[in-house]
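J.:
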Amino acid sequence: MSSPESSPYKATEAAEHTETRKTEWPLWEIFIRGQHGLSHRHVGSLHAADAEMAIKNARDVYTRRNEGVSIWAVEASAIAASSPEEKGALYEPANDKVYRHPTFFDIPDEVGAM
Amino acid sequence: MYAQMIKSTGQGVKSLDEMEPQERAFQERIDAGGKIEPKDWMPDGYRKNLIRQIGQHAHSEIVGQLPEGNWITRAPTLERKAILLAKVQDEAGHGLYLYCAAETLGVTRDDLTRDLLSGKMKYSSIFNYPTLTWADMGAVGWLVDGAAIMNQVPLQRTSYGPYARAMVRICKEESFHQRQGFDIMMKMAKGTDAQRKMAQDALNRFWGPALMMFGPSDAESVHSAQSMAWKIKMNSNDELRQKFVDQTAPQAEYLGLTIPDETCKLNEETGHYDFAQPDWDEFFDVLKGNGPCNTERLEARNKAWDDGRWVREGLLAHAAKKRSAKMAAE
Amino acid sequence: MSDPLFEYLCRLGDNTLVLGHRVSEWCGVAPVLEEDIALANVALDLIGQTQLWLGLAGEVEGDGRDADRLAFHRDVWDFRNVLLVEQPNGDFGQTMMRQFLFDTWHLSMLKALAGSSHEQIAAIAEKSVKEVTYHLERSTDTVIGLGDGTEESHDRMQKALDRLYPFVGEMFLSDDIDAAMVTQGIAPDPASLRKAFDAQLDAVLAEATLTKPADDFAHKGGKTGARHTEHLGHMLTQMQWLQRAYPDASW
Chain S
1363 MSSPESSPYK ATEAAEHTET RKTEWPLWEI FIRGQHGLSH RHVGSLHAAD
1413 AEMAIKNARD VYTRRNEGVS IWAVEASAIA ASSPEEKGAL YEPANDKVYR
1463 HPTFFDIPDE VGAM
Chain L
32 MYAQMIKSTG QGVKSLDEME PQERAFQERI DAGGKIEPKD WMPDGYRKNL
82 IRQIGQHAHS EIVGQLPEGN WITRAPTLER KAILLAKVQD EAGHGLYLYC
132 AAETLGVTRD DLTRDLLSGK MKYSSIFNYP TLTWADMGAV GWLVDGAAIM
182 NQVPLQRTSY GPYARAMVRI CKEESFHQRQ GFDIMMKMAK GTDAQRKMAQ
232 DALNRFWGPA LMMFGPSDAE SVHSAQSMAW KIKMNSNDEL RQKFVDQTAP
282 QAEYLGLTIP DETCKLNEET GHYDFAQPDW DEFFDVLKGN GPCNTERLEA
332 RNKAWDDGRW VREGLLAHAA KKRSAKMAAE
Chain F
-3 MSDPLFEYLC RLGDNTLVLG HRVSEWCGVA PVLEEDIALA NVALDLIGQT
47 QLWLGLAGEV EGDGRDADRL AFHRDVWDFR NVLLVEQPNG DFGQTMMRQF
97 LFDTWHLSML KALAGSSHEQ IAAIAEKSVK EVTYHLERST DTVIGLGDGT
147 EESHDRMQKA LDRLYPFVGE MFLSDDIDAA MVTQGIAPDP ASLRKAFDAQ
197 LDAVLAEATL TKPADDFAHK GGKTGARHTE HLGHMLTQMQ WLQRAYPDAS
247 W
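See the structure below:
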């Protein structure tokens, strides 16, 4: 649910957001691998004082319904993220490389499964 | 409903022509069913409204633990105790997911918590009503969760990505909540005279407050119009309330319970149930802080926060010591 | 005296029943959301274990009492839990210290029970070992973290230890019922678990910078039912109230 990519914003109802953050536990992003062999998937975030606690908390928060067999916890501030402005440059060049997809090639039916 | 009385900041909805290019692109993306993600540009009002709405929704989950938590230690069987505990635990989880979604907008959970504790931010009015008998566990699941689901299912399609994803997870987990409430009601309604009396009494007390959960009629509201244009509100309050009554009235009949509203009948012409408006004066009183349990709820949250301070600080201090010991060793 | 096996199963079931109830009292008011959720998981595990232990106790007794009947319709003098678990939650430190002391004993007891000659007991123990292994990991981390945390958290944890240590000894007392279980190969002699417990306790307390009280005095009377503390009665008035007030109802 969460994402490491936040931008600071101070204008909530409470004007007096103190700058000191020393009593806040850092935010961790949680990735879980389910039982069916798929890779770890981002499931959400949580707060924890350190990595060990983050994994234990993830076990309690995000695997209550048998969702996973392996947990990764990454401190949110340690994640490097692409920025949306670069979307065009990063992803559009792949659009016209249609030959990378199997459906690009017409194989006669009589050849059978390929 | 969790966004009851959110005052949005806009002066009415701008048309696409009136917008600067950036805002126009933003609105067009929403109109086309696209998602807004944390690092994307967004109008200030959108961010501000979302923080309030998601924060209020999160607070509602956390404060919402209290009226049901009130009965965990008095649950009548081991199984009922386990089910109720698992349900209230889910609510803590939902609060957690939602706070995390709000954190992507640049506030921290502690910021939002402080706003809740000081009374600056609100939570759903329903949780300011007391739970007086075991049947209330049934009524809360059946009516309150039933009303909540009406609101939350469409929010899975809301325009803000992290919020929508949180709602997907919440809706998936919530699916058992209403059923367990109805299950309690069935048992009570078909039980002894005393149990039936408890069940009817619970329905009597929760019917009006459940209808209020959708908020007052928003036909005239510019705020609602803006929120709907931004797709952070998906249906009108009246629309959802009607849907709720249409769904719930036949269920009450099945239970053999009477909805405390003589006018609540199926209207053959419209195909919908007619019903009387709840007491809106009471609603505004509750919102102002004068509900039956406003004081207790905020006291309980403040106490938990104050009592927990040394724990949060202690574990953080230990983590810091561990970190420096590790660095020294390397 | 009633059947020793029935008595013994009530001891196991009442421990988890009473502690599960105590831990569930935290729901909604824990120091941080993540902890709220974790504590609920512990309580849920313990309630589940209670259903199994007391269910089996009812079967063994053969009088048609099921787990709910035993949990909600017995009086204080019928309860067989150790005094430690009925102690009030106190602050979060006291709750976690109680949890740690019990978990440490509980896990070693369950591991031994997993090799019980009684098939159903072995099966319940084996399932519970997995759950309690995690409980112990978590309570150990918390005791260490708070003991070693700030000055305030350290002081509170030391106070919690001082308050609860007199209830440790009872977990290792052996009586006729235990002897009967040992003879039949059903359960270990509790006294045999003490040495490993002490070693583990010392290691954790050292890391937590906490000091074990010098006095080894131990309160007793819980597992025999001879004399509970006043706290249990209050807990039962709450826990059993609905069942007792409406005895003809089903829920």
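Residue numbers (the numbering used here), protein chains in the order written: chain S, 1363 to 1476; chain L, 32 to 361; chain F, -3 to 247.
By construction, the Cβ of each residue, glycine as well, lies at the ideal position given by its N, Cα and C atoms.
Please read these numbers as outputs of a predicted model, since none were measured by experiment.
1. Mind checking L/L321: buried by the 16 CB within 10 Å criterion, or exposed?
2. Is the CB-CB distance between S/E1472 and S/E1437 below 9 angstroms?
3. On the three-state DSSP scale, how would you describe F/K208?
4. With DSSP run on the structure shown, which of helix, strand or coil describes S/S1444?
5. Would you kindly check if the distance between the Cβ of L/G239 and the Cβ of L/P309 is under 9 angstroms?
6. Find the residues of chain L that neighbour S/W1387, judging by a C-beta separation of less than 8 angstroms, and give them in chain order.
7. With distance defined between alpha-carbon atoms, name the residue in F/V14, F/V38, F/A175, F/Q196 nearest to F/P186.
8. Using DSSP with H/G/I as helix, E/B as strand and the rest coil, what is F/L40?
9. Roughly how far, in whole angstroms, is the beta-carbon of L/A335 from the beta-carbon of F/V25, given that I think they are within contact range, below 8 angstroms?
10. Compare the C-beta of F/N85 against all C-beta atoms of chain S and say whether one is closer than 9 angstroms.
11. Looking at F/L15 and the ligand MG, is the gap between the Cβ and the nearest heavy atom below 8 angstroms?
12. For F/L97 and F/V56, which I take to be in contact (beta-carbon distance under 8 angstroms), what is that distance rounded to the nearest angstrom?
13. Using a beta-carbon distance below 9 angstroms, is F/A34 in contact with chain S?
14. Among L/A89, L/P98, L/R105, whose alpha-carbon lies nearest the alpha-carbon of L/T139?
15. In its own chain, which residues sit with a C-beta less than 7 angstroms from the C-beta of L/V184, not counting the 5 before and 5 after it?
16. Note down, in chain order, all residues in the region 62 to 88 of chain L with a beta-carbon under 9 angstroms from any beta-carbon belonging to chain S.
17. Counting only beta-carbon atoms, is L/Q96 nearer than 9 angstroms to chain F?
18. Output the distance between the C-alpha atoms of F/T12 and F/A192, rounded to the nearest integer angstrom.
19. S/F1393 bridges to which residues according to DSSP?
20. So for L/L297, helix, strand or coil by DSSP?
21. With 8 angstroms as the limit, tell me which residues of the region 1401 to 1427 of chain S have their beta carbon closer than that to any beta carbon of chain F; keep them in chain order.
22. Determine the chain L residues that contact F/V25 at a beta-carbon separation under 9 angstroms, and present them in chain order.
23. According to DSSP, which residues form a beta bridge with L/H254?
24. What residue from L/A230, L/Y160, L/E68 has the CA that sits closest to L/A365's CA?
25. Less than 6 angstroms between C-beta atoms, sequence neighbours within five positions excluded: which residues of the same chain meet that for F/I140?
26. Any idea if L/M358 is buried or exposed, counting beta-carbon neighbours within 10 angstroms, 16 or more meaning buried?
27. Rounded C-beta distance between F/E166 and F/L80? I'm assuming under 8 angstroms.
28. Please confirm whether L/Y304 has its beta-carbon closer than 9 angstroms to some beta-carbon of chain S.
29. For the alpha helix (DSSP H) containing L/V119, name the first residue and the last one.
30. Taking F/V164 and L/R343 to be in contact with their CB atoms under 8 angstroms, please state how far apart those CB atoms are, rounded to whole angstroms.
31. Please name the residues in the region 38 to 51 of chain F whose beta-carbon is closer than 9 angstroms to at least one beta-carbon of chain L, in chain order.
32. Could you tell me whether the Cβ of S/A1443 comes closer than 9 angstroms to any Cβ of chain L?
T.: The relevant details are as follows:
1. As a working note, residue 321 of chain L is residue 290 in the second sequence. In the sequence as displayed, the identity of residue 321 of chain L is Asn instead of Leu. So L/N321 counts as exposed.
2. Looking up residue 1472 of chain S in the first sequence gives position 110. Looking up residue 1437 of chain S in the first sequence gives position 75. Their beta carbons are not under 9 angstroms apart, which means S/E1472 does not touch S/E1437 by this criterion.
3. As a first step, residue 208 of chain F is located in the third sequence; it is residue number 212 there, counting from the start. If DSSP states are grouped into helix, strand and coil, F/K208 belongs with coil.
4. By 1-based counting over the first sequence, the position of residue 1444 of chain S is 82. Looking at S/S1444 - three-state DSSP - the assignment turns out to be coil, as it is neither helix nor strand.
5. On the second sequence, position 278 is the one that residue 309 of chain L refers to. On the second sequence, position 208 is the one that residue 239 of chain L refers to. Going by C-beta atoms, L/P309 is nearer than 9 angstroms to L/G239.
6. Reading the first sequence from its first residue, position 25 is the one you call residue 1387 of chain S. In chain order: R343, L346, L347.
7. As a first step, residue 186 of chain F is located in the third sequence; it is residue number 190 there, counting from the start. Among F/V14, F/V38, F/A175, F/Q196, the Cα nearest to that of F/P186 is on F/A175.
8. As a first step, residue 40 of chain F is located in the third sequence; it is residue number 44 there, counting from the start. F/L40 falls in the helix class under three-state DSSP.
9. Counting from 1 along the second sequence, the entry for residue 335 of chain L is found at position 304. Counting from 1 along the third sequence, the entry for residue 25 of chain F is found at position 29. Right, their Cβ atoms sit about 4 angstroms apart.
10. Along the third sequence, read from residue 1 onward, the residue named residue 85 of chain F stands at position 89. Chain S contact via Cβ: absent.
11. With respect to the ligand MG, the structure shown offers nothing to examine, as it has no ligands at all.
12. Locating residue 97 of chain F in the third sequence gives position 101, where the first residue counts as 1. Locating residue 56 of chain F in the third sequence gives position 60, where the first residue counts as 1. The Cβ separation is near 29 angstroms, so there is no contact.
13. The sequence position of residue 34 of chain F within the third sequence is 38, counting from 1. For F/A34, the answer is yes, since a Cβ of chain S falls inside 9 angstroms of its Cβ.
14. Mapped onto the second sequence, residue 139 of chain L falls at position 108. Out of L/A89, L/P98, L/R105, L/A89 has the C-alpha closest to the C-alpha of L/T139.
15. In the second sequence, the residue the question calls residue 184 of chain L occupies position 153. Within the same chain, L/V184 has close Cβ partners C202.
16. Hits within the stretch, in order: E68, P69, K70, D71, W72, D75, R78, K79, I82, R83, G86.
17. The sequence position of residue 96 of chain L within the second sequence is 65, counting from 1. So yes, L/Q96 belongs to the interface.
18. In the third sequence, the residue the question calls residue 12 of chain F occupies position 16. In the third sequence, the residue the question calls residue 192 of chain F occupies position 196. When rounded, the distance between both Cα atoms is 22 angstroms.
19. For the purposes of this step, residue 1393 of chain S is taken as residue 31 along the first sequence, with counting starting at 1. Beta-bridge pairing links S/F1393 to S/H1404, S/W1434.
20. In the second sequence, residue 297 of chain L corresponds to position 266, counting from 1. The answer is strand: DSSP assigns L/L297 an E or B state.
21. For the region 1401 to 1427 of chain S, the set of residues with a beta-carbon nearer than 8 angstroms to any beta-carbon of chain F comprises L1408, H1409, A1410, A1411, E1414, M1415, K1418, N1419, R1421, D1422, V1423, R1426, in chain order.
22. What you label residue 25 of chain F is simply residue 29 of the third sequence in a count that begins at 1. Those are Q96, L97, G100, A331, R332, K334, A335, D338, G339, listed as they occur along chain L.
23. Taking the second sequence and counting its residues from 1, one reaches residue 254 of chain L at position 223. In the DSSP assignment, L/H254 is bridged to no other residue.
24. There is no way to answer for residue 365 of chain L, as the model of chain L reaches only from 32 to 361.
25. Within the third sequence, numbered from 1, the residue matching residue 140 of chain F stands at position 144. Excluding residues within five positions, the ones whose Cβ falls inside 6 angstroms are E203, A204.
26. Taking the second sequence and counting its residues from 1, one reaches residue 358 of chain L at position 327. When all chains shown are included, L/M358 counts as exposed.
27. Start at 1 with the first residue of the third sequence, and residue 166 of chain F comes out as number 170. Start at 1 with the first residue of the third sequence, and residue 80 of chain F comes out as number 84. So it is a contact: roughly 7 angstroms between Cβ atoms.
28. The sequence position of residue 304 of chain L within the second sequence is 273, counting from 1. So, not an interface residue.
29. What you label residue 119 of chain L is simply residue 88 of the second sequence in a count that begins at 1. Counting along the chain, the alpha helix (DSSP H) containing L/V119 begins and ends at 109 to 134.
30. Taking the first residue of the third sequence as position 1, residue 164 of chain F is located at position 168. Taking the first residue of the second sequence as position 1, residue 343 of chain L is located at position 312. Actually they do not touch by this definition, with Cβ atoms about 28 angstroms apart.
31. Hits within the stretch, in order: A39, L40, I43, G44, T46, Q47, L50.
32. Taking the first sequence and counting its residues from 1, the one referred to as residue 1443 of chain S is at position 81. With 9 angstroms as the cut-off, S/A1443 counts as an interface residue toward chain L.
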